[in-house]
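Protein chains in written order, with my numbering: chain A, -10 to 160; chain B, 241 to 417. Where a beta carbon is used, it is the ideal one built from N, C-alpha and C, also for glycine. Owing to the predicted nature of the structure, the values given are computational and were not obtained by experimental measurement. Scroll down for the structure; my scribbles are underneath it.
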């Protein structure tokens, strides 16, 4: 039952969110952490980090979460539930590309969704910040990581790994 | 080109690309357009656009679209598995290690640093997305309302996305005609 529910949540979230892996975080946090308590906030932050340091799409973090909840089966089912909706939707859209691209319904609803997801993501950043930023050191790491990723072209993967090394040495 | 060739190229793309969207797209273009000439530059641009306006991760969707152009539904499947394969295997290995040594003090210290960096990463993503998307008072209002609805009123984010879509339709739909 947990596995089914878990897959269903992933399918819904992946079929509904526009704009990339990060945009899914508010939904994932609400369902997995706050509603079903399958993960703690800390584990959720760790999962994001895992998605970021592994190559390929951020969404492989769902395999990490799936393993945590339901072992190897959970991880594999997580990947299927994450990418199956994409395959179905994208192949359909590719067929009717020009109708879809010109569709007023699609375009105008996306115009509302795109800024809204930024607000949602900001709310999640605050909630995760309350868990992860506990002293001046962690605040410092967050500020440096923000500045480096926002204003330089350095890959976030190196920042996360660097912060892990700093953690191992000083925290 | 065979399905196996397509799989191998996407496995390469998925295995050697980290974080940044733009580095990944350049990688795509070099492998598929310049080196192999499987698709034209225009087809590539179209696939990127399609990846961005469909639900789910845009890069994966771009790959699915290219796979579909090359070999229909089988191509779409193969590009997805190829792109996600290495990351998924590594994520599972990390998960096994993580669940086994969760209370190891060294891992706790490492994750303390990492967690703080993730918060910084999220803030930079928000900063970049806001720069691209929030252009006038209407878009700002959408973002702010969504923020308060989730941060203060704890409304369900899935419902909020639906509501934003419907409001977008009301606000922008009429003018488009």
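Cβ closer than 8 Å: which chain A residues qualify as neighbours of residue 300 of chain B?
To locate residue 300 of chain B, count along the second chain from 1; it is residue 60. 46, 48, 72 and 75, listed in chain order.
Along the alpha helix (DSSP H) that carries residue 376 of chain B, what are the first and last residues, could you check?
If you number the second chain from 1, residue 376 of chain B lands on position 136. Segment: none, residue 376 of chain B is in no alpha helix (DSSP H) and carries neither H nor E.
Compute the distance between the beta-carbons of residue 40 of chain A and residue 297 of chain B, then report whether it is under 7 Å.
In the first chain, counting from the first residue as 1, residue 40 of chain A sits at position 51. In the second chain, counting from the first residue as 1, residue 297 of chain B sits at position 57. Not closer than 7 Å, so no.
Is the beta carbon of residue 466 of chain B less than 7 Å from the beta carbon of residue 315 of chain B?
The displayed coordinates of chain B run from 241 to 417. Any statement about residue 466 of chain B would go beyond what the structure contains.
Hey, would you say the C-beta of residue 272 of chain B is under 6 Å away from at least one heavy atom of the ligand NAP?
As presented, the structure is devoid of all ligands, the ligand NAP included, so that no description of it is given.
Helix, strand or coil, according to DSSP, for residue 143 of chain A in the structure here?
Taking the first residue of the first chain as 1, we reach residue 143 of chain A at position 154. Of the three classes helix, strand and coil, the one that applies to residue 143 of chain A here is coil, per DSSP.
Between the C-alpha atoms of residue 416 of chain B and residue 407 of chain B, what's the straight-line distance to the nearest angstrom?
The residue you call residue 416 of chain B lines up with position 176 of the second chain. The residue you call residue 407 of chain B lines up with position 167 of the second chain. With a pLDDT of 48 at residue 416 of chain B, under the threshold of 50, the modelled position of that residue is not reliable, and the figure given next carries that caveat. For residue 416 of chain B and residue 407 of chain B, the distance between alpha carbons rounds to 14 Å.
Using beta carbons (cut-off 7 Å, strictly below), is residue 354 of chain B in contact with chain A?
Counting from one through the second chain, the residue named residue 354 of chain B turns up at place 114. Judged by the 7 Å Cβ criterion, residue 354 of chain B is in contact with chain A.
Buried or exposed: which applies to residue 320 of chain B, given that a residue is buried once 16 or more other Cβ atoms fall within 10 Å of its Cβ?
Here the question's residue 320 of chain B lines up with position 80 in the second chain. With 16 or more other Cβ atoms within 10 Å, it is buried.
Hey, out of B/368, B/393, B/414 and B/379, whose CA is closest to residue 404 of chain B's CA?
The residue you call residue 404 of chain B lines up with position 164 of the second chain. Here the closest residue by C-alpha is B/379.
Is it true that the stretch 278 to 295 of chain B meets the stretch 2 to 16 of chain A, where meeting means three or more beta-carbon pairs spaced less than 8 Å apart?
With the cut-off at 8 Å, the stretch 278 to 295 of chain B and the stretch 2 to 16 of chain A touch.
Are three or more beta carbon pairs between the stretch 65 to 75 of chain A and the stretch 335 to 347 of chain B nearer than 8 Å?
Short answer: they don't touch.
For residue 296 of chain B, which of helix, strand or coil comes out of DSSP?
To locate residue 296 of chain B, count along the second chain from 1; it is residue 56. The answer is strand: DSSP assigns residue 296 of chain B an E or B state.
Give a yes or no on whether the minimum CB-CB distance between residue 345 of chain B and chain A is below 7 Å.
Against the second chain, residue 345 of chain B aligns to sequence position 105. Residue 345 of chain B does not count as touching chain A.
When you compare each of B/330, B/361 and B/347 to residue 142 of chain A by their alpha carbons, which one comes out closest?
By one-based count along the first chain, residue 142 of chain A stands at place 153. With distances taken between Cα atoms, residue 142 of chain A lies closest to B/361.
Taking only the alpha-carbon atoms, compute the straight-line gap between residue 96 of chain A and residue 347 of chain B and give it to the nearest angstrom.
Within the first chain, residue 96 of chain A is the residue found at index 107, counting from 1. Within the second chain, residue 347 of chain B is the residue found at index 107, counting from 1. So the alpha carbons of these two residues sit roughly 45 Å apart.
Kindly indicate if chain B contains any beta-carbon less than 7 Å away from that of residue 25 of chain A.
Taking the first residue of the first chain as 1, we reach residue 25 of chain A at position 36. Judged by the 7 Å Cβ criterion, residue 25 of chain A is not in contact with chain B.
Do the stretch 85 to 105 of chain A and the stretch -9 to 1 of chain A touch if we need at least three Cβ pairs shorter than 8 Å?
Verdict: no, contact absent.
Between residue 30 of chain A and chain B, is any beta-carbon pair separated by less than 7 Å?
As a first step, residue 30 of chain A must be located in the first chain, where it is residue number 41. Not closer than 7 Å to any Cβ of chain B, the Cβ of residue 30 of chain A fails to qualify, so no.
Grab me the residues of residue 301 of chain B's own chain with a C-beta within less than 6 Å of its C-beta, minus the 5 sequence neighbours each way, in chain order.
Position 61 of the second chain holds residue 301 of chain B. Closer than 6 Å at the Cβ level, and outside the excluded window around residue 301 of chain B, lie 291 and 294.
Between residue 110 of chain A and residue 30 of chain A, which are expected to be in contact by the criterion C-beta below 8 Å, what is the C-beta distance as a whole number of angstroms?
Taking the first residue of the first chain as 1, we reach residue 110 of chain A at position 121. Taking the first residue of the first chain as 1, we reach residue 30 of chain A at position 41. With a Cβ gap of about 15 Å, residue 110 of chain A and residue 30 of chain A do not count as contacting.
Would you call the CB atoms of residue 152 of chain A and residue 130 of chain A closer than 7 Å?
Stepping through the first chain from its first residue, residue 152 of chain A is reached at position 163. Stepping through the first chain from its first residue, residue 130 of chain A is reached at position 141. Cβ distance < 7 Å, so residue 152 of chain A and residue 130 of chain A count as in contact.
Please confirm whether residue 324 of chain B and residue 60 of chain A have their CB atoms less than 7 Å apart.
To locate residue 324 of chain B, count along the second chain from 1; it is residue 84. To locate residue 60 of chain A, count along the first chain from 1; it is residue 71. For residue 324 of chain B and residue 60 of chain A, no; Cβs fall outside 7 Å.
Assuming residue 67 of chain A and residue -1 of chain A form a contact by the criterion Cβ under 8 Å, report the distance between their Cβ atoms to the nearest whole angstrom.
Counting from 1 along the first chain, the entry for residue 67 of chain A is found at position 78. Counting from 1 along the first chain, the entry for residue -1 of chain A is found at position 10. Right, the Cβ-Cβ distance comes to about 6 Å (below 8 Å), so this counts as a contact.
Could you list which residues in chain B have their beta carbon closer than 9 Å to that of residue -10 of chain A, in chain order?
The residue you call residue -10 of chain A lines up with position 1 of the first chain. Residues of chain B passing the Cβ test: none, with the nearest at roughly 20 Å.
Taking residue 94 of chain A as the reference, which of B/251, B/413 and B/275 has the closest Cα?
By 1-based counting over the first chain, the position of residue 94 of chain A is 105. Ranking B/251, B/413 and B/275 by Cα distance to residue 94 of chain A puts B/413 first.
I need the DSSP call for residue 7 of chain A, collapsed to helix, strand or coil.
For the purposes of this step, residue 7 of chain A is taken as the residue at position 18 of the first chain. Looking at residue 7 of chain A - three-state DSSP - the assignment turns out to be strand.
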